[in-house]
Structures are given as structure tokens and as C-alpha cells.
Amino acid sequence: MSIRRFADMPWPNDPWRLRHVATQDRQRLRALLDDYLQELSAFSPVDTAYRYFDLYFEDADRSAYMIDVVDAGAWTPAGFALVNRHACSGLPVDHAMAEFCVLPDVRRTGLGHRAANRILALHPGVWELGVSQFNAAAWSFWRRVTERFPNVETISAGERRILRFESPDGERRIACEEG
Numbered sequence: 000m001s002i003r004r005f006a007d008m009p010w011p012n013d014p015w016r017l018r019h020v021a022t023q024d025r026q027r028l029r030a031l032l033d034d035y036l037q038e039l040s041a042f043s044p045v046d047t048a049y050r051y052f053d054l055y056f057e058d059a060d061r062s063a064y065m066i067d068v069v070d071a072g073a074w075t076p077a078g079f080a081l082v083n084r085h086a087c088s089g090l091p092v093d094h095a096m097a098e099f100c101v102l103p104d105v106r107r108t109g110l111g112h113r114a115a116n117r118i119l120a121l122h123p124g125v126w127e128l129g130v131s132q133f134n135a136a137a138w139s140f141w142r143r144v145t146e147r148f149p150n151v152e153t154i155s156a157g158e159r160r161i162l163r164f165e166s167p168d169g170e171r172r173i174a175c176e177e178g
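Counting in numbering that gives the first Met the number 0, the final residue of the sequence shown is number 178, and the numbers go up one at a time with none missing.
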């Protein structure tokens with residue numbers, strides 16, 4: 000299915016949701032991840048095998064989220080996020096944004112910003128996320144998302160730039176639908 004028509008939707012008031020990826024959506028998430036990894040390979044070499052994928056369905060310290068929008072009355076995937084506790088920097092961290100993708104047809108609609116903030120609110124604590132230094136659009140996106148947090152630290156690590164910050168406690172009340 001093409002979601003090209005979503006670009007014409009009147010954002011930000013259209014319905015969207017963030018939900019945990021259910022087992023029955025595992026293959027759909029894998030297909031979205033494969034497309035995302037292919038896109039990232041334009042910026043630097045990427046291991047498309049993604050050996051940690053299955054752990055998002057087995058390890059309690061990992062969370063897989065689907066970002067959905069409504070298309071013709073039905074929920075349709077428009078992106079995903081993978082959260083774990085493995086920092087790129089090697090420093091102590093509560094959460095790390097391992098992967099975050101909003102499909103091209105819904106980029107620059109505000110959906111990604113809202114979904115990222117919802118995820119950060121669901122997981123209070125010290126966060127870290129890494130961005131390829133060659134991916135200017137992703138860097139700009141994450142700088143905008145994190146600008147509301149005090150004391151955002153930027154770390155250079157080879158071809159990656161890492162953002163470290165703390166998402167305040169008390170925001171867990173924001174609901175995330177179960178898939």
C-alpha cells in the first residue's frame with residue numbers, strides 16, 4: 000500500500016497512535032526496518048542483518064513501537080521506533096533510541112516529532128541516541144526534538160554524533176496503546 004496521500008492530510012489534528020509492536024506485526028516491522036536500513040546505507044555502511052531484531056520480542060529491556068496513522072478508516076503503519084538500554088557512548092544510560100523511522104511520505108508533517116516526544120515521555124531517565132554525521136536531516140530533527148530538555152550533551156564518536164539528555168520523570172501518564 001502506498002501512503003503517498005498522507006502528505007496531503009491536514010496535520011497535526013489527524014488521528015495517530017503509538018503502540019507496542021504485537022507478535023503478529025513482527026514481519027511488517029522487519030520489512031519497514033529493512034527499508035529504513037537501506038535508506039541509511041546512503042550515509043554510511045549498515046549491517047542489514049540487524050542481529051538484535053528478535054531481542055525486541057524477547058528481552059524486557061527492549062521495546063518496539065509502531066507509529067500508525069489512519070488511512071481510509073484503518074490504522075496503517077507510518078513508522079517505528081526501537082528502544083533499548085545500550086548506549087553508543089558506553090556511558091551509563093537508562094534508555095537509547097536504537098532506531099527511529101518515519102516513512103518518507105509523512106515526514107515534515109510533525110508526526111515524527113510528536114511520536115518521538117511520546118516515546119521519550121513514556122521512558123523517563125537518561126537517554127542517548129546516535130546520528131550519522133552525514134545525515135543532516137536526522138541531526139536537525141533530533142536537535143529540534145531535544146531542544147526542550149536542559150543540559151543536552153553532544154558527543155562526537157567517529158562518524159556518529161551522540162545526544163545525551165534526561166527526559167524528566169512524571170510523564171509516564173501518557174498512554175501508549177498496546178498492539
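Built from N, CA and C at the ideal position, the CB exists for glycine as well.
Less than 8 Å between the CB atoms is what I'm expecting for Leu-128 and Leu-81, so what's the real figure, rounded?
Between Leu-81 and Leu-128 the Cβ distance is about 11 Å, and since that is not below 8 Å, they are no contact.
Span of the alpha helix (DSSP H) holding Leu-36?
For Leu-36, the enclosing alpha helix (DSSP H) stretches over residues 25 to 39.
Quick check: the Cα distance between Ser-88 and Asp-24, rounded to an integer number of angstroms?
Each residue's alpha carbon lies about 31 Å from the other.
Is there contact between the stretch 30 to 49 and the stretch 87 to 107, where contact requires at least three CB pairs shorter than 8 Å?
Because the criterion of three Cβ pairs below 8 Å is met, the stretch 30 to 49 and the stretch 87 to 107 touch.
Three-way DSSP call (helix, strand, coil) for Ser-1 in this model
Model confidence at Ser-1 stands at a pLDDT of 40, short of 50, so the residue's coordinates are unreliable; what they give is reported in the following sentence. Judged by DSSP in its simplified three-state form, Ser-1 adopts coil rather than helix or strand.
Beta-carbon within less than 8 Å of Thr-22's beta-carbon, same chain only, minus the 5 sequence neighbours each way: which residues are those?
Residues of the same chain with a CB within less than 8 Å of the CB of Thr-22, apart from the 5 flanking positions on each side, are Phe-56 in chain order.
First and last residue of the beta strand (DSSP E) that includes Val-130?
In the DSSP annotation of this structure, the continuous segment of the beta strand (DSSP E) that includes Val-130 starts and ends at 124 to 131.
Neighbourhood of Ser-62 by C-beta distance below 6 Å, restricted to the same chain and skipping five residues each side:
Closer than 6 Å at Cβ, skipping near neighbours: Val-82.
Identify whether Tyr-64 lies in helix, strand or coil by the three-state DSSP scheme.
Strand.
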